[in-house]
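Peer 1: To start, I am sharing the structure in question, which I have written as structure tokens.
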Amino acid sequence: MSPRTLSPTSSARSAEEVGRRVRRRRFGRYRLAPFIFTLGTAVLFGLFFLWPGVLGLSYSLTDYRGWGEPEFVGLSNYTDLFGDSEFYQSLGRTFVYAAFAVPVGYCLALAMAVALTTQRARGKTPARIIFFVPWLVSPIVAGVIWRWMFGESFGFVNYIIRLLGGDAVPWASNADLSLFVAVLASAWGGAAFNMLLFIAAISNVPRSYYEAAELDGAGSWQRFRYITLPSIAPTSVLVILLSSLGAMKEFAMIQALNGGGPGTQNRLIVQYIYETGFERSLVGYASAASMVLLVILMVIAIVQLRISKRKNAW
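Numbering (full-length UniProt numbering) for the sequence shown: 1 to 314.
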């Protein structure tokens, strides 16, 4: 036998060693990319979320005014905040705004998604573009547009009402009407993104469900109620959660639309924090208000997620 001739056993061992080296190289390569992406995400999260949160919490325990050395005051800002009627007014108005804006935005986005996923619908491509354009508009620009449309003396809507023989509606001087316009503007601007989520969810519902229901004599409303809505329940929870958090943090659109007016009757909580921290230079006090808002948002998210888990368990 030639010395270079290998036995079957040694050949098998060599093949196993080569396979192990290849697997190690692949395993190391596949582990490196996720590690890099995870590290980058962790750095960005710490830089733009964790560090500002820690800084805000530290400021909330001081009397910092934007200059000079902050002096530690403990929980004094929080005790003053919980006795501030303006804080409660802004927080309550924010809850009212969210209570109307979230359902209106949800229904509008779902209606748009159903219209675009209907098999008999025509002109879907132009409709998608038209429906999606509002989401591309800056919230500040959207606020200016709706302010121009619903201005009392110069608004387009009142101009049409006058042409029809009616009286001008006090869209800006009436607090409830002003909030109504803000709700419409919010639903108009945010419906497109939620529409995409609903379209993806509805497209994943098996067509066999609708075909079987149609053979059983179910109408369009019955198919929507008993097939579509239960099938997209997880997406509905996600849309409601994101919309609720977004409504509680609304600032730019409201600021450009009515500035929290008339007066301060429609001043939302983020506007209150902004005015307190930047216009009144009470950075520590505003930081305490932002920490309270953070806790409220966390509670809202936890409650909605637990409700979703209970429904899935049923």
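Positions of the beta carbon are idealized from the N, C-alpha and C atoms, including for glycine.
1) Taking residue 124 as part of the alpha helix (DSSP H), name the residues at either end of that continuous run.
2) Quick check on the DSSP output: what are the complete alpha helix (DSSP H) runs of length 4 or more inside the segment 173 to 222, in order along the chain?
3) If you compare alpha carbons, which of 56, 38, 42 and 43 is closest to residue 293?
4) Which residue's Cα is closest to the Cα of residue 299: 181, 130, 245 and 264?
5) Which whole-angstrom value describes the C-beta separation of residue 116 and residue 127, a residue pair presumed to lie in contact below a C-beta threshold of 8 Å?
6) Do residue 185 and residue 146 have their beta-carbon atoms positioned less than 7 Å apart in this structure?
7) Rounded to whole angstroms, what's the CA-CA distance from residue 208 to residue 306? Just pull it up for me.
8) Do the segment 255 to 272 and the segment 227 to 241 make contact, defined as three or more Cβ pairs closer than 8 Å?
9) Hey, out of 242, 37, 210 and 77, whose CA is closest to residue 276's CA?
10) Taking 7 Å as the cut-off, decide whether the C-beta atoms of residue 90 and residue 296 are in contact.
11) Is residue 183 closer than 7 Å to residue 104 when the C-beta atoms are compared?
12) Taking the CB atoms as reference points, tell me whether residue 140 and residue 247 lie closer together than 7 Å.
13) By Cβ distance, which residues of its chain are closer than 6 Å to residue 70, with the 5 residues on each side in sequence left out?
14) Around the Cβ of residue 302, are there at least 16 other Cβ atoms within 10 angstroms (buried) or fewer (exposed)?
15) Going by Cα to Cα distance, which pick from 34, 106, 171 and 92 is closest to residue 235?
16) Would residue 283 be called buried (16 or more neighbouring beta carbons within 10 Å of its own) or exposed?
17) Rounded to the nearest angstrom, how far is the Cβ of residue 113 from that of residue 202, given a contact under 8 Å?
18) Helix, strand or coil for residue 79? Go by DSSP, reduced to three states.
19) Quick one: what's got a C-beta closer than 6 Å to residue 287's C-beta in the same chain, skipping five residues either side?
20) Put residue 41 into one of helix, strand or coil per three-state DSSP.
21) Any chance you could list the alpha helix (DSSP H) runs of at least 4 consecutive residues sitting entirely within the segment 229 to 269, in chain order?
22) In angstroms with no decimal places, state the Cα-to-Cα distance between residue 239 and residue 100.
23) Secondary structure at residue 62, three-state DSSP: helix, strand or coil?
24) What did DSSP end up calling residue 72 once you bin it into helix, strand or coil?
25) One question on the structure: do residue 175 and residue 265 come within less than 7 Å of each other, judged by their Cβ atoms?
26) Which of the three DSSP states is assigned to residue 148 in this structure?
27) What do you get for residue 81, buried or exposed, if any count of 16 or more other CB atoms within 10 angstroms of its CB means buried?
28) Applying the criterion that 16 or more other CB atoms from any shown protein chain within 10 Å of the CB defines a buried residue, is residue 138 buried or exposed?
29) Drop a sphere of 10 angstroms on the beta-carbon of residue 158, count the other beta-carbons inside from all chains shown, and report buried for 16 or more, exposed for fewer.
30) Taking the Cβ atom as the reference point for each residue, do residue 102 and residue 243 lie within a distance shorter than 7 Å?
31) DSSP state of residue 303, grouped into three classes?
32) Would a C-beta distance cut-off of 7 Å place residue 132 and residue 187 closer than the cut-off?
Peer 2: Put simply:
1) The count along the sequence shown starts at 1 and reaches residue 124 at position 124. Run containing residue 124: 124 to 136, per the alpha helix (DSSP H) assignment.
2) 175 to 203 and 207 to 215
3) Stepping through the sequence shown from its first residue, residue 293 is reached at position 293. Closest by alpha carbon: 56.
4) As a working note, residue 299 is residue 299 in the sequence shown. Among 181, 130, 245 and 264, the Cα nearest to that of residue 299 belongs to 245.
5) On the sequence shown, residue 116 is found 116 positions in, with the first residue counted as 1. On the sequence shown, residue 127 is found 127 positions in, with the first residue counted as 1. Sure, about 6 Å apart at Cβ, within 8 Å.
6) Mapped onto the sequence shown, residue 146 falls at position 146. Mapped onto the sequence shown, residue 185 falls at position 185. Going by C-beta atoms, residue 146 is nearer than 7 Å to residue 185.
7) Sequence index remark: in the sequence shown, residue 208 carries index 208 (1-based). Sequence index remark: in the sequence shown, residue 306 carries index 306 (1-based). Computed Cα separation, rounded: 31 Å.
8) no
9) Within the sequence shown, numbered from 1, the residue matching residue 276 stands at position 276. If we check each option's Cα against that of residue 276, 77 comes out closest.
10) Position 90 of the sequence shown, counted from the first residue, corresponds to residue 90. Position 296 of the sequence shown, counted from the first residue, corresponds to residue 296. No.
11) For this step, residue 104 is matched to residue 104 along the sequence shown. For this step, residue 183 is matched to residue 183 along the sequence shown. In this structure, residue 183 lies closer than 7 Å to residue 104 by Cβ.
12) As a first step, residue 140 is located in the sequence shown; it is residue number 140 there, counting from the start. As a first step, residue 247 is located in the sequence shown; it is residue number 247 there, counting from the start. Result no, Cβ atoms of residue 140 and residue 247 do not sit closer than 7 Å.
13) Reading the sequence shown from its first residue, position 70 is the one you call residue 70. 62 and 64.
14) Here residue 302 refers to the residue found at position 302 when the sequence shown is read from its first residue. With fewer than 16 Cβ atoms within 10 Å of its Cβ, residue 302 is classed as exposed.
15) The residue labelled residue 235 in the question sits at position 235 within the sequence shown. Among 34, 106, 171 and 92, the Cα nearest to that of residue 235 belongs to 106.
16) Here residue 283 refers to the residue found at position 283 when the sequence shown is read from its first residue. The residue in question, residue 283, is buried, as its Cβ has 16 or more Cβ neighbours within 10 Å.
17) On the sequence shown, residue 113 is found 113 positions in, with the first residue counted as 1. On the sequence shown, residue 202 is found 202 positions in, with the first residue counted as 1. Residue 113 to residue 202, Cβ: 6 Å. Contact.
18) The residue you call residue 79 lines up with position 79 of the sequence shown. Residue state, collapsed to three classes: helix.
19) Residue 287 sits at position 287 when you count from the first residue of the sequence shown. Around residue 287: 56, 59 and 60.
20) As a working note, residue 41 is residue 41 in the sequence shown. Of the three classes helix, strand and coil, the one that applies to residue 41 here is helix, per DSSP.
21) 233 to 248 and 252 to 257
22) Position 239 of the sequence shown, counting from 1, holds the residue named residue 239. Position 100 of the sequence shown, counting from 1, holds the residue named residue 100. Approximately 15 Å, taken between the alpha carbons.
23) Position 62 of the sequence shown, counted from the start, is the residue given in the question as residue 62. Strand, per DSSP.
24) Translated into positions along the sequence shown, residue 72 becomes position 72. Residue state, collapsed to three classes: strand.
25) Sequence index remark: in the sequence shown, residue 175 carries index 175 (1-based). Sequence index remark: in the sequence shown, residue 265 carries index 265 (1-based). Yes, they are a contact pair.
26) Residue 148 sits at position 148 when you count from the first residue of the sequence shown. In this structure, residue 148 counts as helix in the three-state DSSP scheme.
27) In the sequence shown, the residue the question calls residue 81 occupies position 81. With 16 or more other Cβ atoms within 10 Å, it is buried.
28) Reading the sequence shown from its first residue, position 138 is the one you call residue 138. Residue 138 comes out exposed.
29) By one-based count along the sequence shown, residue 158 stands at place 158. The residue is buried, with at least 16 neighbouring Cβ atoms inside 10 Å.
30) Here residue 102 refers to the residue found at position 102 when the sequence shown is read from its first residue. Here residue 243 refers to the residue found at position 243 when the sequence shown is read from its first residue. Going by C-beta atoms, residue 102 is nearer than 7 Å to residue 243.
31) Along the sequence shown, one-based indexing puts residue 303 at 303. Three-state result, residue 303: helix.
32) Residue numbering aside, residue 132 sits at position 132 when the sequence shown is read from its first letter. Residue numbering aside, residue 187 sits at position 187 when the sequence shown is read from its first letter. Not a contact, by the Cβ cut-off of 7 Å.
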